[in-house]
Amino acid sequence: LMYNPLGAFLPPPQSTLEQAYKQELKEAYDIEFNGLFTLTNMPVKRFADHLYRTNELEAYMQLLVDNLNPAAVGGVMCRDLISVRWDGQMYDCDFNQQL
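If you're matching positions, the sequence shown starts at 980 in the working numbering and goes up one per residue.
Listed below in structure tokens is the structure:
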């Protein structure tokens, strides 16, 4: 399962969010899942345009810089994941698919 925040903020801690989603989805819909990934939005394309129009781009960029976790680089999904577009075009990362 993937959690993607809908704004100029960072996602909550992944483990906390996973526990909450597992409980809520099980109780409300009898859905079980193995793991949850949180995503931090990169300011590209529509999201960057939105941040620029709402005058949030500079603050969001600083938020990303201030919260950089060098230890997480080894686990970045683009190192061993491919993304496939609806027409079969393959990308080395879902980030590059958006460009």
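C-beta: ideal position from N, C-alpha, C; glycine also.
Can you give me the C-alpha to C-alpha distance between residue i and residue j, rounded to a whole angstrom?
| i | j | result |
| --- | --- | --- |
| residue 1023 | residue 1017 | 18 Å |
For residue i, which three-state DSSP category applies?
| i | result |
| --- | --- |
| residue 1023 | coil |
| residue 1063 | strand |
| residue 1017 | strand |
Residue i and residue j: beta carbons closer than 8 Å?
| i | j | result |
| --- | --- | --- |
| residue 987 | residue 1039 | yes |
| residue 980 | residue 1015 | yes |
| residue 990 | residue 982 | yes |
| residue 1026 | residue 1020 | yes |
Checking contacts by CB at 8 Å: is residue i closer than that to chain D?
| i | result |
| --- | --- |
| residue 1032 | Here chain D cannot be found, since the structure has a single protein chain. |
Give the DSSP bridge partners of residue i, in chain order.
| i | result |
| --- | --- |
| residue 982 | 1017 |
| residue 1008 | Paired residue(s): none; residue 1008 is not in a bridge. |
| residue 1031 | Note: residue 1031 sits in no beta bridge, so no partner. |
With a CB to CB cut of under 6 Å and the five nearest residues on each side skipped, what residues in its chain are close to residue i?
| i | result |
| --- | --- |
| residue 1012 | 980 |
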